[in-house]
Amino acid sequence: MMDTKRTTFQNKWLPYVLLAPQLFITLIFFIWPAGQAVKSSFEREDPFGFSTVFVGLQHYARLMQDPNYLDSFLRTAVFAVAVTVISMLLGLLFAVAVDRLMRSARVYTTLLVWPYAVAPVVAGVLWFFLFNSSTGILPYYLSFFGIKWDHNLNGTHAMILIIIAAAWKQISYNFLFFLAGLQSVPHTLMEAAAIDGSGPIKRFFDISLPLLSPTTFFLFIVNVNYTMFDTFSIVDATTNGGPAQSTNILVYKVYQDGYLGLNLGSSSAQSVLLMLIVIVLIFVQFRFVERRVQY
Amino acid sequence: MASIDIESVGKVYTGNVRAVTDINLAIKDGEFIVLVGPSGCGKSTLLRMLAGLETISEGAVKIGARVVNQVEPADRDIAMVFQNYALYPHMTVRQNLEYGLKNRKTPKAEIDARVAEAARMLEITQYLDRKPRALSGGQRQRVAMGRAIVRKPSVFLFDEPLSNLDAKLRVSMRGEIKRLQRRLGTTSIYVTHDQLEAMTLADRLVVLNGGKIEQVGSPLEVYHTPASTFVASFIGSPAMNLVKAECQGDKLVIGPAMISLNGYAPTSGAVTVGMRAEDLRVVTGDKGMPFAVEYVEELGSQRLVHGVVGDQSLTIALSGETEIPANMRIDIDPAKLHFFAQADGKRISAADRSGAAADAPSPAPVA
Amino acid sequence: MVENRPFLTFLTHAFLLCGFVVVAFPVYVAIIASTHDAQTLMSTTMPLLPGSHFIENYRTIFTSASAANGLPAYPLMAMNSMIMAIVITIGKIVISILSAFAIVYFRFRFRQLAFWIIFITLMLPVEVRIMPTYKIVADLGMLNSWAGLIIPLVASATATFLFRQFFMTVPEEMMEAARVDGAGPMKFFKDILLPLSRTNIAALCVILFIYGWVQYLWPMLVTTDPSYYTLMMGMKRMVAVQDGEVQWNLVMAASVLAMLPPVAIVIFMQRLFIRGLTETEK
Chain A
1 MMDTKRTTFQ NKWLPYVLLA PQLFITLIFF IWPAGQAVKS SFEREDPFGF STVFVGLQHY
61 ARLMQDPNYL DSFLRTAVFA VAVTVISMLL GLLFAVAVDR LMRSARVYTT LLVWPYAVAP
121 VVAGVLWFFL FNSSTGILPY YLSFFGIKWD HNLNGTHAMI LIIIAAAWKQ ISYNFLFFLA
181 GLQSVPHTLM EAAAIDGSGP IKRFFDISLP LLSPTTFFLF IVNVNYTMFD TFSIVDATTN
241 GGPAQSTNIL VYKVYQDGYL GLNLGSSSAQ SVLLMLIVIV LIFVQFRFVE RRVQY
Chain B
1001 MASIDIESVG KVYTGNVRAV TDINLAIKDG EFIVLVGPSG CGKSTLLRML AGLETISEGA
1061 VKIGARVVNQ VEPADRDIAM VFQNYALYPH MTVRQNLEYG LKNRKTPKAE IDARVAEAAR
1121 MLEITQYLDR KPRALSGGQR QRVAMGRAIV RKPSVFLFDE PLSNLDAKLR VSMRGEIKRL
1181 QRRLGTTSIY VTHDQLEAMT LADRLVVLNG GKIEQVGSPL EVYHTPASTF VASFIGSPAM
1241 NLVKAECQGD KLVIGPAMIS LNGYAPTSGA VTVGMRAEDL RVVTGDKGMP FAVEYVEELG
1301 SQRLVHGVVG DQSLTIALSG ETEIPANMRI DIDPAKLHFF AQADGKRISA ADRSGAAADA
1361 PSPAPVA
Chain C
2001 MVENRPFLTF LTHAFLLCGF VVVAFPVYVA IIASTHDAQT LMSTTMPLLP GSHFIENYRT
2061 IFTSASAANG LPAYPLMAMN SMIMAIVITI GKIVISILSA FAIVYFRFRF RQLAFWIIFI
2121 TLMLPVEVRI MPTYKIVADL GMLNSWAGLI IPLVASATAT FLFRQFFMTV PEEMMEAARV
2181 DGAGPMKFFK DILLPLSRTN IAALCVILFI YGWVQYLWPM LVTTDPSYYT LMMGMKRMVA
2241 VQDGEVQWNL VMAASVLAML PPVAIVIFMQ RLFIRGLTET EK
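Taken in sequence, the protein lines are chains A, B and C.
For the first sequence, my numbering begins at 1 and goes up steadily by one.
For the second sequence, my numbering begins at 1001 and goes up steadily by one.
For the third sequence, my numbering begins at 2001 and goes up steadily by one.
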C-alpha cells in the first residue's frame, strides 16, 4: 500500500505543495472536528456556552442506559441488515440472469443501473408518495389484503418504507458488482462443469457462488456502511425518525440531538461511537481487500 | 562523443542491501561495451547509475571529463533505450521522437531535420504519424532507438532492448544496432543477460556476477581465457564442461581416467578443469578417457553428445556427420585445457605456460 | 452461456423484464403523477395512465411553484445544484490527482503520515461529525458561502487511492524515459501522466458528478440563505409543507427533473460509470 516508484523525482518542497490542499482540508474539516467531537464527548457545556467541565465517560454511560439510544441501535441494525440482504439478494438475482444472456446483457444492464443515480432524497420522496396513506397507490392495493397502511402512525410501516426506499436505490450497485464478479468466473470452468454433467442451477451453487464469496463479503461491508450513513437523507425526506422514534437510526439521532436538540455532549458521544463503527467496518474491508488479492 | 570513467562505483540500497561493489572501468570514446550476467548481477543497476536513474552510493562516474554523480539524467548527455521501449502511448511516433528535443528548446527546423534523418535511418518514416500501439514489436523497438538517436547524445545506454522481441527479429535487430553504432560512432553501453547477444555486439564484454566484475575483455578473450569458472560456464553455448580433477605431475586424473598434460600442468593437486565441448575429440584405441554416452542432441550442423566420464557429466560437440562408436573414448589437446582453482574458481595461469594467454585464442574448430 | 436451453432463456428474459418493471415502477408513477393536476391525485386513487397537465405542471415548476413554497426560483436552484456538482467534481479530481502524484512519484519525509491522514477521511463521513464540522465552518465565517458548501467536500481518499492505484500500473520506464528526455516533475505530470489518466478521470467525473448532485445534508447544514438552495433541498421543502396539502403533481415533476441529469449521465456514459464505480471501490 505504501510503494513508490523505483525511481522518484528529487524535489525538496514540491511533494508538500502537491499534497497541501488535500491535507489542509482533511486536517481542518475532518480531523480537527473529529478531535473536537471526541473532546466534547467527555465534557459538559453550561447552557450559555460560557464554561465546560470535564465529565469523563458520563455521556457514554448515559447513552448506554438510555433506552432510546439502545432502541435506536437495534433499529439501525434491523434496518442495515434488511436493506443489505434485500438489495444484495435482488442484485445477485439480476446479475445471474443478465450473466446468462449474451446479446441483451448490455440492454438489461442499462435498464437496471440508473437507480444508483437517483438522489436518496428523491428516492425517499418517490416511495413516500407511493406509500402515501391518503393518495398513494400501494396502500390502495394493500387494502385489498386487509392491510391498513399508515407510515405516519405505524412504526413498522415507517421502517418498511425506509427499508424499501434504501434497498431500491442500492440494488443497481450490488447488481453491477455481482455481474462483474460473475463475468470474471473463467468460462472454461463452466464448460468443464457442464461436461461433468451439472446443470445451470447446480453450476451456480457449486461454482459461481463460492467464487463470488469475496465479492459478497465486500458488498456486505459496503452495504452496511451505506445503510448506516448514506441513508440520512432518505429518513429526513420521509419519516424524520418517527413515528415515535421508530425510524430514528443512529446517524439521524446524532443530527437530531446535536443540530436540532443542541445536546452537544451526548451528540458528540454518539458521533464517537459511530466513528468507531465506521473504523471497524473500514478496517474489516481493507483487511479483506488485502486477503482478496490471494484468491 | 565521450569516454566514460567508472571509478570504484558501488550501490547500496536502503536497508543495507548491496547491489553493486567496487566497479572500475574505463570506457573509450566510441567503444561498444556490453554488460552481461545473470539476472540480479547488478548490470541494470550499474547502467541506471550511469543514466542517473539511480543515485550513486559510492565512487564516481565521469562522462567526458565531468563527474556526473549529481547531474540530472537529462543533463548527462546520454540517451537510453528501455527494455519495454517506454514509448509515450498517447503521442504519435513523431511526437515521441520530438519530445526530448522540445524539452531542450531545440529550434523547430532542427527538430524536423533530426527526426527525418533518424526516421530514414531506421526506416520508420511511414509510421511517423501513428501511435505506438499501432506498431509491431519490431517497429516499436525502432522508434525507441530513434528516440535515442535524434538526441545525438555522447552515450547510448541500452537496457536489454531486444528481450521483448521474438528470436528471429532479435537476430536481425542485433545486427542493425551494431551497424548503427558503427555508423554513428557513439559510445554505447548495452545490458543483456544473453551471452550470444553479448558476444556478437561487444567490442569489450564486462561479465558481472553478484555485483562484481568477473572479467573484462574482448569477446574472444573472454571466450578463450575465461577468468573464472563463472565466466567459463556463462559465456559460450553449450557451456564449458567443468570437471573436478587432480594434477599429478604431468598427468591429469579425472575419476577413473587419466590424460597426459605434455608439460602443460600449471599446478599440482586438486583443480577444476574446463573443456570446451568443441575441443573434445573422439579417439580410437585405448587413448584418452572412456566416455559413456547418455543421450544425443541433434542440432543439424552439430551433434551434442551428453555422457559421463566416471561420475562427471560432459558434453561434446561433434560435427553433424560424426559416427558415435559403441565404446567411445574422448581426448583433448592439453593446450586447450582450462585450469581453475577449486577453492575460489579463479583461473590458474601457470608461469611455465609462458605467453599462454597471448597465444591461446585459436579459432574454434567447429562453430 | 454454456448450453442452449430455450425455456430457461425465456424465463431469464421474463424475470429481468419483471425486475425492470418493479424497479422502474416508482419512477413511472412519478412521471404519471407529474401529468395530472393536484385535484386528481388527491381525490381518487392514483391513475396509472398519463393525464393532460404535463406542460402545465412543468411550467409551474419553472415559474410560480418555487415562490409558493418559499423557495428561490427553480432555475437558480438547478444552477446551484449544477455548480455544486461540477465544482466538487473538478475539485476532488484536481486535489486527488495531485496528492496521488506526490505519494507515488516522490519520496519525502512524512509521506507515510500524509498517506494515513488521507486514509482517515474514509473513516469520518460528514454524518458522524456533523456538529463540530458545522462549528468549524461557522467559526471560519464560511456559512452561507460557496466556499463553505464546497471546500469541506472536496477532500477525497477514494479518488486519491484510485489515482494512486492507476499510477502504480504506469510502467516505471515512462517516468524514467521522460526524465532522460529532460522533463521535470510537473512537465512529466502534464505531458505524460495526465494524458494517460484520461479514461480514469472521465470515469471518476461520472461518479463524482452524481456524488455532488445528490448532496443533501451538508448544504442543508451550512446554508440558510435561500439563494444557495439546491434542488435536493427544494425537494424536501416542497414535501415538508407545514400546513395545507402537498402538491404531489408538482413534487413529482420536480423529482423527475432532479433525477434527469445524473440518470442521463449514467445511461449515456454507462461504460465510464461502471468503470468508475468498480474501480473506486477497490
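Using N, Cα and C, we set each Cβ at its ideal position, and we do this for glycine too.
### Task
Assign C:Arg-2275 to one of three DSSP states: helix, strand, or coil.
Counting from one through the third sequence, the residue named residue 2275 of chain C turns up at place 275. C:Arg-2275 falls in the helix class under three-state DSSP.
### Message
Taking only three categories from DSSP, how would you classify B:Gly-1217?
### Response
Taking the first residue of the second sequence as 1, we reach residue 1217 of chain B at position 217. Looking at B:Gly-1217 - three-state DSSP - the assignment turns out to be strand.
### Query
Can you name the start and end residues of the beta strand (DSSP E) that B:Thr-1187 belongs to?
Position 187 of the second sequence, counted from the start, is the residue given in the question as residue 1187 of chain B. Unbroken beta strand (DSSP E) run through B:Thr-1187: 1187–1192.
### Message
Counting C-beta neighbours from all protein chains within 10 Å, is the total for A:Asp-46 16 or more, i.e. buried, or is it exposed?
### Response
For this step, residue 46 of chain A is matched to residue 46 along the first sequence. Exposed: under 16 other Cβ atoms inside 10 Å.
### Task
Check C:Met-2142 in the structure and name its three-state DSSP category.
As a position in the third sequence, residue 2142 of chain C is number 142, starting the count at 1. Note: C:Met-2142 maps to coil in three-state DSSP.
### Query
Does B:Ile-1078 come within less than 8 Å of chain C when only Cβ atoms are used?
The sequence position of residue 1078 of chain B within the second sequence is 78, counting from 1. Yes, B:Ile-1078 lies at the interface with chain C (some Cβ there is under 8 Å from its Cβ).
#### Entry: chain B contact for A:Thr-4 (CB, 8 Å cutoff)
Sequence index remark: in the first sequence, residue 4 of chain A carries index 4 (1-based). No, because no Cβ of chain B sits closer than 8 Å to the Cβ of A:Thr-4.
### Task
Would you mind sorting C:Gln-2112 into buried or exposed? The rule is 16 or more other CB atoms within 10 Å of its CB.
Residue mapping note: residue 2112 of chain C aligns to position 112 of the third sequence, counting from 1. Exposed: under 16 other Cβ atoms inside 10 Å.
### Query
Which residues in chain A sit within 9 Å of C:Trp-2213, going by Cβ to Cβ distance?
Within the third sequence, residue 2213 of chain C is the residue found at index 213, counting from 1. Ordered by position in chain A, the residues that pass the 9 Å Cβ test against C:Trp-2213 are Ala-117, Ala-119.
### Task
At 7 Å on the CB atoms, spell out the chain A contacts of B:His-1046, in chain order.
For the purposes of this step, residue 1046 of chain B is identified with residue 46 of the second sequence, where counting begins at 1. With the sequence shown as reference, residue 1046 of chain B is identified as Leu, and His is not the correct amino acid for it. Under the 7 Å cutoff, chain A gives no residues; its nearest Cβ is about 15 Å from B:Leu-1046.
### Message
Whole angstroms are fine: how far does the CA of C:Thr-2199 sit from the CA of B:Tyr-1088?
### Response
On the second sequence, position 88 is the one that residue 1088 of chain B refers to. On the third sequence, position 199 is the one that residue 2199 of chain C refers to. The alpha-carbon atoms of B:Tyr-1088 and C:Thr-2199 are separated by roughly 16 Å.
### Query
So, using beta-carbon positions, are A:Phe-131 and A:Pro-139 closer together than 8 Å?
What you label residue 131 of chain A is simply residue 131 of the first sequence in a count that begins at 1. What you label residue 139 of chain A is simply residue 139 of the first sequence in a count that begins at 1. Yes, the Cβ-Cβ distance between A:Phe-131 and A:Pro-139 is below 8 Å.
### Task
Indicate the three-state DSSP secondary structure (helix, strand or coil) for A:Gln-294 in the structure shown.
In the first sequence, the residue the question calls residue 294 of chain A occupies position 294. Confidence in A:Gln-294 is poor, its pLDDT being 35 and thus under 50, which makes the residue's placement unreliable; the coordinate value appears in the next sentence. Three-state DSSP puts A:Gln-294 in coil, outside helix and strand.
### Below-8 Å beta-carbon distance, A:Thr-7 vs any chain B residue
For the purposes of this step, residue 7 of chain A is identified with residue 7 of the first sequence, where counting begins at 1. Output row for A:Thr-7: interface = yes.
#### Entry: Touching by the beta-carbon criterion (3+ pairs, under 8 Å), the stretch 1292–1302 of chain B and the stretch 1313–1328 of chain B
yes
### Query
Just reading off the beta strand (DSSP E) that B:Leu-1157 is part of, what are its end residues?
Locating residue 1157 of chain B in the second sequence gives position 157, where the first residue counts as 1. Start and end: 1155–1159.
### Message
If you measure between the beta carbons of A:Ala-95 and A:Thr-227, is that distance less than 8 Å?
### Response
Counting from 1 along the first sequence, the entry for residue 95 of chain A is found at position 95. Counting from 1 along the first sequence, the entry for residue 227 of chain A is found at position 227. No.
### Task
Count the other CB atoms, across all protein chains shown, that sit within 10 Å of the CB of C:Arg-1972; report buried if there are 16 or more and exposed otherwise.
Only positions 2001 to 2282 of chain C appear in the structure, and residue 1972 of chain C is not among them; the question remains open.
### Message
Would you say A:Arg-75 lies against chain C (beta-carbon separation less than 8 Å)?
### Response
Looking up residue 75 of chain A in the first sequence gives position 75. It does not; no Cβ of chain C falls within 8 Å.
#### Entry: Rounded C-alpha distance that separates B:Pro-1038 from A:Leu-281
The residue labelled residue 1038 of chain B in the question sits at position 38 within the second sequence. The residue labelled residue 281 of chain A in the question sits at position 281 within the first sequence. Roughly 47 Å separates the two Cα atoms.
### Message
Distance cutoff 8 Å, beta carbons only. Does B:Leu-1162 sit that close to anything in chain A?
### Response
Locating residue 1162 of chain B in the second sequence gives position 162, counting from the first residue. Chain A contact via Cβ: absent.
### Message
Taking only three categories from DSSP, how would you classify B:Lys-990?
### Response
For residue 990 of chain B there is no data in the structure shown, the boundaries of chain B being 1001 and 1367.
### Task
Starting from the beta carbon of C:Phe-2020, find every residue of chain A whose beta carbon is closer than 7 Å, and list them in chain order.
Stepping through the third sequence from its first residue, residue 2020 of chain C is reached at position 20. Near C:Phe-2020 (Cβ distances below 7 Å), the residues of chain A are Leu-111, Leu-112.
### Task
Could you run through the stretch 1218–1237 of chain B and flag, in chain order, every residue whose CB is less than 8 Å away from some CB of chain A?
none
### Task
Look at the alpha carbon of A:Val-17 and the alpha carbon of B:Arg-1147, and state the distance between them as a whole number of angstroms.
Sequence index remark: in the first sequence, residue 17 of chain A carries index 17 (1-based). Sequence index remark: in the second sequence, residue 1147 of chain B carries index 147 (1-based). Between A:Val-17 and B:Arg-1147, the C-alpha separation is close to 33 Å.
### Message
Within the continuous beta strand (DSSP E) that includes B:Glu-1007, where are the two ends?
### Response
Residue mapping note: residue 1007 of chain B aligns to position 7 of the second sequence, counting from 1. Counting along the chain, the beta strand (DSSP E) containing B:Glu-1007 begins and ends at 1004–1013.
### Task
Starting from B:Glu-1298, follow its DSSP beta bridges and name the residues at the other end.
Numbered from its first residue, the second sequence carries residue 1298 of chain B at position 298. According to DSSP, which records beta bridges pairwise, B:Glu-1298 is partnered with B:Arg-1303.
### Contact belief for B:Arg-1329 with B:Gly-1288 at Cβ below 8 Å, rounded distance in angstroms
Reading the second sequence from its first residue, position 329 is the one you call residue 1329 of chain B. Reading the second sequence from its first residue, position 288 is the one you call residue 1288 of chain B. Contact flag correct, Cβ pair sits at about 5 Å.
### Query
Is DSSP giving B:Gly-1137 helix, strand or coil here?
Looking up residue 1137 of chain B in the second sequence gives position 137. Correct three-state label for B:Gly-1137: helix.
#### Entry: Any C-beta of chain A under 8 Å from that of C:Glu-2352
Outside the modelled stretch of chain C, which goes from 2001 to 2282, sits residue 2352 of chain C, for which no answer is possible.
### Query
What are the partner residues of A:Thr-52, as DSSP defines its beta bridges?
Numbered from its first residue, the first sequence carries residue 52 of chain A at position 52. In the DSSP output, where bridge partners are listed per residue, A:Thr-52 has A:Glu-45.
### Message
Can you look up B:Cys-1247 in the DSSP assignment and give me helix, strand or coil?
### Response
The sequence position of residue 1247 of chain B within the second sequence is 247, counting from 1. B:Cys-1247 falls in the strand class under three-state DSSP.
#### Entry: Of the listed residues B:Ala-1019, B:Val-1017, B:Val-1034, nearest to B:Leu-1025 (C-alpha basis)
Within the second sequence, residue 1025 of chain B is the residue found at index 25, counting from 1. Considering only alpha carbons, the answer is B:Val-1034.
#### Entry: Integer-rounded CB distance, given that C:Ala-2178 should sit under 8 Å from A:Phe-129
For the purposes of this step, residue 129 of chain A is identified with residue 129 of the first sequence, where counting begins at 1. For the purposes of this step, residue 2178 of chain C is identified with residue 178 of the third sequence, where counting begins at 1. Not quite, the Cβ-Cβ distance comes to about 57 Å (not below 8 Å), so this is no contact.
### Message
DSSP three-state label for B:Gly-1211, please.
### Response
Within the second sequence, residue 1211 of chain B is the residue found at index 211, counting from 1. Of the three classes helix, strand and coil, the one that applies to B:Gly-1211 here is coil, per DSSP.
### Task
Go ahead and pull the three-state DSSP assignment for A:Arg-103.
What you label residue 103 of chain A is simply residue 103 of the first sequence in a count that begins at 1. A:Arg-103 falls in the coil class under three-state DSSP.
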